[in-house]
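To start, the structure under review is shown below, and the notes come after it.
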Amino acid sequence: MQISELVSQQQFRPLLKADADLIPLGRLQSYLAPLIARRRTPKIIKQYSEIGGGSPIRKWSEYQCEEMCKLLDKLNPETAPHKPYVAFRYAAPLTEEMYSRLLKDGFGNGKGGRAVAFTQYPQYSCSTTGSSLNELWKWRNRLEGGRANGNADPGSIQWSVIDRWPTHPGLVEAFARNIEDQLKTYPEDKRSGVVLLFSAHSLPMSVVNRGDPYPAEVAATVHAVMQRLNFSNPYRLCWQSQVGPKAWLGAQTSDTVQEYVKRGQTDIILVPIAFTSDHIETLYELDLEVMEEANHPGVKRAESLNGNPVFIEALADIAQQHLQKGERCSLQMTLRCQGCKSERCLEQKKFFAGEKAARLVA
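Residues in the sequence shown are numbered consecutively from 1144, following my numbering.
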């Protein structure tokens, strides 16, 4: 499961209007969403044109999924063959398209079968994984009949969820190796002074204050990577992609880089720590906006995970562990955010967690 990216106002307006998980606008959601779409879309289309006309996120997502399944067939032959499906939140293949393919391929509709919703956001947020699971739960209800509950109907697809994996050793190793590769491009006597600037997509403070676990889980990934690197370099975590006038989680990545360069700290490696592949936030925001504004050869970026074989092996290992444990989701997913008022979120969690864990989310 991935968010994907929007490339037209026709996509942007209705989806933003409908998805208060991604950008919560309160009672004004239906009014403000079209206005934001009209203002944002031309800018986004221009950004796509500057990175070659489109995002590689679908290419990488499909590659990662297919390669993971090949490894998983060898690691876990008792559940093979493993069939890859990709579901995007805001672009083809959409969640409903993926679900229709599952049914067409012989799953559900009285035939049963098992499916694992494997989020490609290592760190859980209600605005990303939560939104994707809400959408999956909605289409499960519509396409397999009846209102979903903790006990799925006989013959329907049996779902489980890999909902987060922020400190998996393989993920940490893949990030660390990409950082080490970029550090080697600096003179040896300067390497220990290079600042590692970890960058993740920001969240509105209203979401953070509601109790969203994302900031803590991103920080956990950063700490695990630095631990693997033996804390060899100074580092900071910052946040990118803030939109609109409301307060968002900071400090901002662009501001941080500019401030360090002004102070004379010009050797910086940007590390996209919450993304599993290149897309507009790496190729445009980091490469073209942040690095070009810094205007210094010492400001560089670590490679994204993309087709990194260590990362693919990590995905297969995560999936294998999940299948062998037989768990429906993590214990963390059974717990609602402290300030959550969403009935949809509650019902979705009850469905994926099952009756035994439902008491934790009431």
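Just so you know, even glycine gets a beta-carbon here, dropped at the ideal spot from N, CA and C. It should be emphasised that the depicted structure is a prediction, and the values quoted were computed from it without experimental measurement.
- Item | DSSP state of alanine 1343 mapped onto helix, strand, coil | The answer is strand: DSSP assigns alanine 1343 an E or B state.
- Query: Would threonine 1477 be called buried (16 or more neighbouring beta carbons within 10 Å of its own) or exposed?
  - Reply: Counting the other CB atoms within 10 Å of its CB gives threonine 1477 a total of 16 or more, which places it among the buried residues.
- Candidates Arg1307, Lys1484, Phe1495, Tyr1378: closest to alanine 1417 by CA position: It is Arg1307 whose Cα lies nearest to the Cα of alanine 1417.
- On the three-state DSSP scale, how would you describe proline 1388? Proline 1388 sits in coil when the DSSP states are folded into three classes, being neither helix nor strand.
- Measure the beta-carbon distance from asparagine 1284 to valine 1338 and round it to whole angstroms, keeping in mind my assumption that it falls under 8 Å. Wrong, their Cβ atoms sit about 48 Å apart, outside the cutoff.
- Task: Report the three-state DSSP secondary structure of glycine 1497 (helix, strand or coil).
- Result: If DSSP states are grouped into helix, strand and coil, glycine 1497 belongs with coil.
- Message: Based on DSSP bridge pairs, tell me the residues matched to tryptophan 1302.
- Response: Partner(s): Ala1258.
- The alpha helix (DSSP H) enclosing leucine 1245, as first and last residue numbers: Its alpha helix (DSSP H) spans residues 1238-1247.
- Message: Using the three-state DSSP reduction, which class does leucine 1474 fall into: helix, strand or coil?
- Response: Three-state DSSP puts leucine 1474 in a helix.
- From the DSSP output, read off the bridge partner residues of valine 1338. Valine 1338 has Ile1411 as its beta-bridge partners, per DSSP.
- Compute the Euclidean distance between the alpha carbons of glycine 1393 and threonine 1328, then round it to the nearest angstrom. Glycine 1393 and threonine 1328: Cα-Cα distance of roughly 29 Å.
- Item | Helix, strand or coil at tyrosine 1547 [DSSP, three-state] | It is not possible to answer for residue 1547, since the shown part of the chain is limited to 1144 through 1505.
- Determine the burial state of arginine 1290: buried for a count of at least 16 other Cβ atoms within 10 Å of its Cβ, exposed for fewer. Confidence at arginine 1290 is low in this model, with a pLDDT of 49, below 50, so the placement of that residue should be treated as unreliable; the coordinate-derived value is given next. The residue is exposed, with fewer than 16 neighbouring Cβ atoms inside 10 Å.
- Report all residues from its chain with a CB closer than 6 Å to the CB of glutamate 1210; omit the five preceding and five following residues, and keep chain order. Correct list, in chain order: Ile1455.
- Task: Indicate whether phenylalanine 1231 and alanine 1462 have their beta-carbon atoms separated by less than 8 Å.
- Result: Between phenylalanine 1231 and alanine 1462, the C-beta spacing is not below 8 Å.
- Task: Measure the CB-CB distance between isoleucine 1200 and serine 1420 and report whether it falls below 8 Å.
- Result: Less than 8 Å divides the Cβ of isoleucine 1200 from the Cβ of serine 1420.
- How big is the Cα-Cα spacing for alanine 1437 and proline 1388? In this model, alanine 1437 and proline 1388 are separated by some 24 Å (Cα to Cα).
- Residue range of the beta strand (DSSP E) that valine 1433 falls in? Run containing valine 1433: none; DSSP gives neither H nor E here.
- Query: Among Gln1383, Thr1425, Leu1429, Pro1440, which has the Cα closest to the Cα of glycine 1407?
  - Reply: Of Gln1383, Thr1425, Leu1429, Pro1440, the residue nearest in Cα terms is Pro1440.
- Item | Span separating the alpha-carbon of valine 1315 from that of tyrosine 1206 | C-alpha separation (whole angstroms): 20 Å.
- Straight-line CA distance for phenylalanine 1318 to glycine 1253? Cα to Cα, phenylalanine 1318 sits roughly 43 Å from glycine 1253.
- Query: Taking just the CA atoms, how far does tyrosine 1403 sit from leucine 1144?
  - Reply: Position check: residue 1144 holds methionine in this sequence, whereas leucine was assumed. Methionine 1144 and tyrosine 1403: Cα-Cα distance of roughly 36 Å.
- Task: Kindly indicate the opening and closing residues of the alpha helix (DSSP H) around glutamine 1383.
- Result: Note, glutamine 1383: premise wrong, no alpha helix (DSSP H); beta strand (DSSP E) at 1378-1383.
- Query: Per DSSP, what kind of secondary structure is lysine 1443 in: helix, strand or coil?
  - Reply: The three-state secondary structure of lysine 1443, taken from DSSP, is strand.
- Query: Below 8 Å between beta carbons: does that hold for glutamate 1323 and glutamine 1383?
  - Reply: No, Cβ-Cβ distance for glutamate 1323 and glutamine 1383 is not below 8 Å.
- Message: Using 8 Å as the threshold, is the C-beta distance between glycine 1273 and isoleucine 1300 below it?
- Response: The answer is no: Cβ separation not under 8 Å.
- Item | Reference proline 1330, options Lys1484, Asp1410, Lys1202, closest by Cα | The shortest CA-to-CA distance from proline 1330 to any of Lys1484, Asp1410, Lys1202 is the one to Asp1410.
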